[in-house]
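Chemist:
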Amino acid sequence: AFMKNGVFGSVSAIQPVFMGGVIINGNKLAKAGVEASEIQLEASEDQVELNTERYYWQVVALKEKLLTLNTIHQMLVELEKDVNNRVRVGSVNRNDLLQVQLRKGEVESSQLEVEHSLSTLSQLLAQHVGIANEPIDVVIPADLTDMGKSGEPAIPANLRQDHQSALSATPQYRLLEKNVEVNRLQHKLKVGSNMPKIGVGADYNWNNLMNDGGRGTGTLFAFVQIPISGWWGGAHAIKKQKLALDDAREQLEDNSQKLIIRMNSAWAAVETSHKKLVIAHDAIKQAEENLRLNKDYYRVGTTKMSDLLLAEEQYQAARDRHTDAYATMQTKILEYRQATGQATK
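Everything in the sequence shown is counted per the working numbering, starting at 236 for the first residue and increasing by one.
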């Protein structure tokens with residue numbers, strides 16, 4: 236009863252002295268998690284950039300093919316006028332005119348198809364880069380528009396890297412390293428959680444139980460915590476985490492070799508695409524000369540209209556192959572840069 240209207244208060248403060256590294260390693264583990272998320276974001280950005288690059292070159296290729304079709308169509312329009320005049324004076328068969336008109340109709344159909352595809356891909360590119368409600372256009376690179384008139388296309392200088400040295404620059408390798416670090420810290424946490432813990436503290440009590448003005452009492456203390464009952468289960472948990480650490484190290488070694496293989500493959504793709512571009516580059520000159528000769532031969536009556544139209548088709552095909560080869564090479568270069576961890580932004 237004498238305590239009925241009394242007051243009692245207590246406050247304690249504890250300072251860990253040794254916690255088996257749990258606090259330090261826990262902070263390191265949290266930091267490693269943040270760093271791993273940043274690396275994952277970098278890898279995601281690379282994928283977005285690659286997809287954007289692919290959309291871009293698809294649009295560029297279609298624009299260039301449309302320009303080629305326009306050029307071919309204009310050639311056929313002029314040829315149609317010339318043949319029509321020849322038919323009137325009776326110097327050529329009307330069948331030649333029909334062949335030209337048929338070919339012109341095919342080109343016009345192709346123009347329509349490419350225009351529709353270009354519109355769709357332009358919308359996809361706009362949506363991909365976040366401007367879906369605005370018109371988007373791309374500029375065709377000057378060396379592509381040049382269509383083989385300048386020097387032979389070359390692989391960019393300093394593109395080739397030492398693959399073993401470049402390994403540490405890739406986000407995939409750094410994620411594997413971070414995985415090893417995370418598992419090492421988790422192993423240390425398991426070990427630390429099963430070690431004795433030491434701390435010091437102080438506590439202060441104050442009471443006013445008998446209306447005597449109140450009294451305070453301070454105490455300093457130290458504690459040692461020994462997890463005796465958890466040693467058996469803790470040993471198994473430590474062993475399990477050690478196996479996870481060993482597995483992470485094996486993954487680092489195994490996937491490092493796969494990353495090197497990926498770099499080798501990406502470089503082979505660059506070289507292959509470059510070779511195809513060089514071949515396409517030379518083929519345009521040959522197709523142009525073949526078309527010029529067939530025009531001259533037709534004017535003097537030493538070749539058939541079908542041969543002239545075939546030369547025109549071959550010229551168009553050569554230009555289209557050059558366009559595709561150019562776009563493919565640019566994409567393969569970006570893939571190689573990303574595979575070797577080179578800055579692309």
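From the three backbone atoms N, C-alpha and C, an ideal C-beta is built for every residue, glycine too.
In terms of residues, what are the limits of the alpha helix (DSSP H) holding GLY261?
Modeler: Residues 257–324.
Chemist: Provide the residue span of the alpha helix (DSSP H) that contains VAL426, from first to last.
Modeler: Its alpha helix (DSSP H) spans residues 406–428.
Chemist: Can you look up ASN443 in the DSSP assignment and give me helix, strand or coil?
Modeler: The answer is strand: DSSP assigns ASN443 an E or B state.
Chemist: Under the three-state reduction of DSSP, which class applies to ALA437: helix, strand or coil?
Modeler: Of the three classes helix, strand and coil, the one that applies to ALA437 here is strand, per DSSP.
Chemist: Run through DSSP, which three-state label would ALA236 get?
Modeler: Because the pLDDT at ALA236 is just 45, under 50, the model does not fix this residue reliably, and the point stays unresolved.
Chemist: Examine the ligand GTP and report whether any of its heavy atoms sits within less than 7 angstroms of the Cβ of GLU277.
Modeler: Absence of the ligand GTP is noted for the structure shown, with no ligands found whatsoever.
Chemist: My output table needs one value for ALA515: the three-state DSSP class, helix, strand or coil.
Modeler: Residue state, collapsed to three classes: helix.
Chemist: Identify whether ARG572 lies in helix, strand or coil by the three-state DSSP scheme.
Modeler: Looking at ARG572 - three-state DSSP - the assignment turns out to be helix.
Chemist: Excluding five sequence neighbours on each side, which residues of the same chain lie with their C-beta closer than 8 angstroms to the C-beta of TYR290?
Modeler: For TYR290, where only same-chain residues beyond five positions count, the Cβ hits under 8 angstroms are LEU356, LEU359, LEU360 and HIS363.
Chemist: Should LEU304 and SER345 be called a contact, given that it needs their Cβ atoms to be closer than 8 angstroms?
Modeler: Yes, Cβ-Cβ distance for LEU304 and SER345 is below 8 angstroms.
Chemist: How about GLN486 and HIS422: are their beta carbons less than 8 angstroms apart?
Modeler: Not closer than 8 angstroms, so no.
Chemist: Tell me whether GLU343 is buried or exposed, calling it buried when 16 or more other Cβ atoms sit within 10 Å of its Cβ.
Modeler: Under this definition GLU343 is an exposed residue.
Chemist: Do you know how far the Cα of PHE458 is from the Cα of ALA437?
Modeler: Spanning the two alpha carbons is a distance of roughly 11 angstroms.
Chemist: Among the residues of its own chain, which have a CB less than 8 angstroms from the CB of ALA236, if the five just before and after it don't count?
Modeler: With a pLDDT of 45 at ALA236, under the threshold of 50, the predicted position of this residue should be treated as unreliable, though the coordinate-derived value follows. Correct list: empty, nothing qualifies.
Chemist: Based on the DSSP output, what are the partners of VAL374 in its beta bridges?
Modeler: Answer is none; VAL374 lacks a bridge partner.
Chemist: Let me know the secondary structure DSSP gives GLY244 once reduced to three states.
Modeler: DSSP places GLY244 in strand when its eight states are reduced to three.
Chemist: Along the chain, where does the beta strand (DSSP E) that runs through ALA389 open and close?
Modeler: Here ALA389 belongs to no beta strand (DSSP E), and DSSP marks it neither H nor E.
Chemist: Using only the alpha-carbon positions, how far apart do GLU270 and ALA562 sit?
Modeler: For GLU270 and ALA562, the distance between alpha carbons rounds to 35 angstroms.
Chemist: Check this for me: beta carbons of ASN490 and LEU411, under 8 angstroms apart or not?
Modeler: Yes, they are a contact pair.
Chemist: Given this structure, state the Cα-to-Cα distance separating GLU548 from MET498, to the nearest angstrom.
Modeler: Near 38 angstroms, if we compare the C-alpha coordinates of MET498 and GLU548.
Chemist: Can you tell me the Cβ-Cβ gap for THR405 and LEU494, rounded? I've got them flagged as a contact below 8 angstroms.
Modeler: With 8 angstroms as the limit, THR405 and LEU494 qualify as a contact, their Cβ atoms being about 6 angstroms apart.
Chemist: Ignore the nearest five residues each way along the sequence and tell me which others in GLU369's own chain have a CB closer than 7 angstroms to its CB.
Modeler: So the list reads ALA361, once near-sequence residues are dropped.
Chemist: Using DSSP with H/G/I as helix, E/B as strand and the rest coil, what is LYS539?
Modeler: The answer is coil: DSSP assigns LYS539 none of H, G, I, E or B.
Chemist: Who are the Cβ neighbours of LEU521 in its own chain at under 8 angstroms, not counting the five residues just before and after it?
Modeler: Strictly speaking, residue 521 in this sequence is Gln, with Leu absent from that position. These residues qualify, in order along the chain: ALA553.
Chemist: Where GLU348 and HIS398 are concerned, what is the direct C-alpha to C-alpha distance, given to the nearest angstrom?
Modeler: About 43 angstroms.
Chemist: Does DSSP put ALA578 in a helix, in a strand, or in coil?
Modeler: In the structure shown, ALA578 sits in coil (DSSP, three-state: anything other than H, G, I, E or B).
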